[in-house]
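These notes are about the structure you will find just below.
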Amino acid sequence: MSDLNSALEIVSATHPGMVRSHNEDSIAIEKEIGLAVLADGMGGYNAGEVASGIAVAMICSEVKKALAKSKTEALNGSAVEKLIAEQSVRANEAIYEAAQSQPRYSGMGTTLVVAFWHDNQLTVGHIGDSRLYRLRGETLDLLTRDHSLLQEQIDSGMITKEQARYSQNKNLVTRAVGIDPEVEAEVHTYSVQTGDLYLLCSDGLNDMLPDEDIQLTLSSLQSNLPLAAEQLVQQANDNGGRDNVSVILVRVANEFPNRSGWAGRLKAWIR
Amino acid sequence: MAKLIVSLEGSVIRDYPLEKERVTIGRKPHNDIQIENLAVSGEHACIVTILNDSFLEDLGSTNGTLVNGNSIKKHILQNNDVIEIGKYKLKYVSDVPVAGRTTVDEFEKTMVMRAPALARAASARPTTGSTTGGPRTMALPSMPPPTPRPTLHPPPFPTGGEATSGGLTSPGGGPGIVSGAPTSPDGNPTTDSGPLSLPGGRGAALSGPSSSPGREAASGSQTSPGGRVVTASGFMSSSTGAAVASTPGPAPTQPRVGQAGSDATPSTGGSVSPGVAAPATTGEAPALGTIQILSGSGAGKELDLVKNLTTLGKPGVQVAVITRRPQGYFITHVEGASAPEVNGKALDAQACLLKDHDVIELAGVKMEFFLKK
């Protein structure tokens, strides 16, 4: 394993917001393996937390297991993509089954965004409208595309991004974990540069805070990640805080080439 | 349901509920809202309603369409928007929720949209569409009856599970669950409204651009890459259907999806948008904060704190951030071994509320915070 521990700085914050009584978001960070997972649950009573909790816990433990198994051989990019896709499917099955078998969990589901840093790359998988942004230099890019009605409307040219802010259909996702027996995560891999700052967030952030404000906050406070995370949540709440808000910030401080495989070890030795 | 209140010179003429997916406005008699005035074009404008959103589009009218005084081509209607066509004013009013019926909390909850009604409408058209009611809206992929689907491509739903489902699943099995079937506010499916989605609509959505003739701007291309139809497809495709010019027969009543959404949301609309635009709105109330530099080379310079966040200081040495919040301006230490001072007192980890004429010392520079009236 590469030295992800020193390469990544990770902080997180989660808040129920100003309106909701409880927090249905779940987040998890496994810094040693370079994994961050965020899920925004939905469902009555506490089923939302249950769904997001299951998703996050399963992804973490399964990815860890898979990494332990393949300790000797480094996972390459496509293997990681496959791993995340598979684990999303498994989380979906687990939640779906729980929802089917226990009436109180009926109808629960969750969005999911999984970010996994490995070998100077980032693999992102997502389902639903939880997002991953990247701040590189001064530029904030959204690396995930929401699985939501609104996004479909934007894509089809029916409304503009500007109009989308005022849409009343913000809360309709078109894919979620645990609702149908099958679901497919959208998985992509990006190359990572030192200095990149990544943000995973639930829609409670980006529905309340325009991208420009997210960009401003991240770029002006990147020297103090805990403060940046706190400020993001605070601004979302100042703007109304209508939903649970969760953020995970990950800054890439150093390169993290893979050193576990044969080639990696050789490279490390040559250094 | 949203409605249009048509008035002329201040006197109300009539209300038109936007109960159809596509409502046309024009001078000719076939329009849903006919305005017999020569300033109005034959087909002047139309309003497409999808879920809780209504989109107004000018259909190339001679004299144009105004919304709140601005000429528009396309516009997403907000509660209380006033549309002007000729001398006529059409006020768009979306439902005002009855107090106590639903909390804000409920109607903004994330929900999953699916398309079972569509799948079923296409495969077994006549009676289905109402598996809903209960909390389980699951349309299993294996479920769709193997009825031939004449108008569709052979593999209509490449994406397994989600594609066959449709409608809206509110989590929690709450009352928000709706399949494509129009649902009455208490969550009971009202099956009587007939088949929901035109085969045409769905066909168009599924079979790609070529098969939707007369596609209009409002409908756009619904075929998402990879054939992921789910979504929108459900509703948007039916919009396509409607938009594909004069659909055979009267357009079906619009799927009044999710009462959780439909009658509850409008109120949200009013409140959500300001929320989103809040930095401006909420910030406007307190006076504008300004920093004036008192010492050093920049002495005398002023900086208006118009942004939500303004960082001050030298990166790597000492940096503070001033945040603009509804409660006022706050200063927080960002980086640097020593903390900035306010009125001679070093900041701790907490944000500090700035008062008029507070003096900040940061990286060796003194500056004064004051509020501009």
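Top to bottom, those sequences are chains A and B. By the count of this note's numbering, the first sequence reaches residue 330 at its end, each step adding exactly one. By the count of this note's numbering, the second sequence reaches residue 397 at its end, each step adding exactly one. Beta carbons: idealized from backbone N, C-alpha and C, even for Gly. This one's a predicted model, so the numbers in the text were calculated from it and none came from an experiment.
For residue j and residue i, the rounded distance between their alpha carbons
i: S85(A); j: H381(B); result: 43 Å
i: S278(A); j: V292(A); result: 16 Å
i: S71(A); j: S78(B); result: 38 Å
i: E108(A); j: G110(B); result: 53 Å
i: A66(A); j: K90(A); result: 10 Å
i: E243(A); j: A235(A); result: 9 Å
i: K325(B); j: P269(A); result: 30 Å
i: V254(B); j: D214(A); result: Unreliable positioning characterises V254(B) in this predicted model, as indicated by a pLDDT of 31, which lies under 50. A coordinate reading is not provided.
i: R144(B); j: S160(A); result: In this prediction, R144(B) scores a pLDDT of 40, lower than 50, which makes its location untrustworthy; the coordinate-derived value is nonetheless stated afterwards. Near 25 Å, if we compare the C-alpha coordinates of S160(A) and R144(B).
i: G296(A); j: D272(A); result: Looking at the sequence shown, residue 296(A) is not Gly but Asn. Cα to Cα, N296(A) sits roughly 13 Å from D272(A).
i: A106(A); j: A158(A); result: 9 Å
i: I384(B); j: T334(B); result: 14 Å
i: N82(A); j: N61(B); result: 55 Å
i: G337(B); j: G84(B); result: 55 Å
i: G166(A); j: G112(A); result: 15 Å
i: N64(A); j: G93(A); result: 8 Å
i: A370(B); j: A363(B); result: 6 Å
i: H54(B); j: G88(B); result: 20 Å
i: R38(B); j: Q58(B); result: 11 Å
i: A256(B); j: N135(A); result: Annotation note: pLDDT 33 at A256(B) (below 50); position unreliable, coordinate value reported separately. Rounded to the nearest angstrom, the two C-alpha atoms are 36 Å apart.
Cross-chain neighbours of residue i in chain B, by beta carbon under 9 Å
i: G93(A); result: The premise fails here: G93(A) is roughly 25 Å from chain B at the closest Cβ pair, so nothing lies under 9 Å.
i: M117(A); result: None at all; the shortest Cβ gap to chain B is about 19 Å.
i: D255(A); result: In chain order: nothing, as chain B lies at least about 18 Å away.
Contact under 7 Å by Cβ, residue i with residue j
i: A63(B); j: D82(B); result: no
i: L97(A); j: I238(A); result: no
i: L194(A); j: A174(A); result: no
i: L421(B); j: Y40(B); result: This structure does not reach residue 421(B), given that chain B is present from 25 up to 397, and the question cannot be answered.
i: I74(B); j: L80(B); result: no
i: T170(A); j: G187(A); result: yes
i: T248(A); j: T198(A); result: no
i: A311(B); j: K379(B); result: no
i: G34(B); j: G50(B); result: no
i: A312(A); j: E140(A); result: no
i: L142(A); j: A114(A); result: no
i: N230(A); j: M267(A); result: no
i: L114(B); j: V47(B); result: no
i: I100(B); j: I218(A); result: yes
i: N76(B); j: Q227(A); result: yes
Under 8 Å from the C-beta of residue i: neighbouring residues of chain B
i: Q180(A); result: Ordered by position in chain B, no residue passes the 8 Å Cβ test against Q180(A), which lies about 23 Å from the chain.
i: T361(A); result: Since the first and last residues shown for chain A are 60 and 330, residue 361(A) lies out of range.
i: Q252(A); result: Within chain B, no residue comes near Q252(A); the closest Cβ sits about 19 Å away, beyond 8 Å.
Listed by chain order, chain B residues near residue i by CB distance under 7 Å
i: A235(A); result: V136
i: L286(A); result: T356 and V358
i: S279(A); result: L333, T335 and V345
i: Q294(A); result: N332
Neighbour flag for residue i against chain E, beta carbons, 7 Å
i: P350(B); result: The structure shown has no chain E; the protein chains it does contain are A and B.
Within chain A, the residues that residue i reaches when beta carbons sit closer than 8 Å
i: E359(B); result: S282 and N283
i: N92(B); result: Residues of chain A passing the Cβ test: none, with the nearest at roughly 13 Å.
i: I100(B); result: I218, Q222, Y225 and S226
i: L399(B); result: This structure leaves residue 399(B) out entirely; chain B is present only between 25 and 397.
Listed by chain order, chain A residues near residue i by CB distance under 7 Å
i: V343(B); result: S282
Listed by chain order, chain A residues near residue i by CB distance under 9 Å
i: P339(B); result: S282
i: L378(B); result: Under the 9 Å cutoff, chain A gives no residues; its nearest Cβ is about 16 Å from L378(B).
Residue i beta carbon near the ligand FAD (any heavy atom closer than 6 Å)
i: Q159(A); result: Ligands displayed in this structure: none; no statement on the ligand FAD is therefore possible.
Item to complete: Say whether the region 87-101 of chain A touches the region 206-221 of chain A, bearing in mind that this needs 3 or more beta-carbon pairs closer than 8 Å, one atom from each stretch.
Response: no
Discussion item. Would you call the region 249-263 of chain A in contact with the region 148-158 of chain A, where contact means no fewer than 3 C-beta pairs closer than 8 Å?
Written reply: no
Discussion item. Does the contact criterion of 3 or more C-beta pairs under 8 Å hold for the region 380-394 of chain B versus the region 316-330 of chain B?
Written reply: yes
Practice prompt. Examine the Cβ distances between the region 296-303 of chain A and the region 259-275 of chain A and report whether three or more of them are shorter than 8 Å.
Written response: yes
Worksheet item: Are the region 340-358 of chain B and the region 368-377 of chain B in contact at 8 Å, needing three or more beta carbon pairs?
Response: yes
Practice prompt. At 3 residues or longer, and completely inside the region 167-207 of chain A: list those beta strand (DSSP E) runs for me, N to C.
Written response: 171-177, 180-186, 190-195 and 198-201
Worksheet entry | Contact the region 351-367 of chain B vs the region 332-342 of chain B: 3+ CB pairs below 8 Å | yes
Worksheet item: Could you give the uninterrupted runs of the alpha helix (DSSP H) lying entirely in the region 83-150 of chain A, keeping only those of 4 residues or more?
Response: 106-128
Worksheet item: Residue ranges of each beta strand (DSSP E) run of no fewer than 3 residues wholly in the region 324-358 of chain B, ordered along the chain?
Response: 326-328, 333-338 and 342-349
Worksheet item: Of all the beta strand (DSSP E) runs that stay within the bounds of the region 234-286 of chain A, which reach a length of 3 or more residues?
Response: 245-250 and 256-260
Worksheet item: Quick one: complete beta strand (DSSP E) runs, 3+ long, within the region 37-74 of chain B?
Response: 46-50 and 69-74
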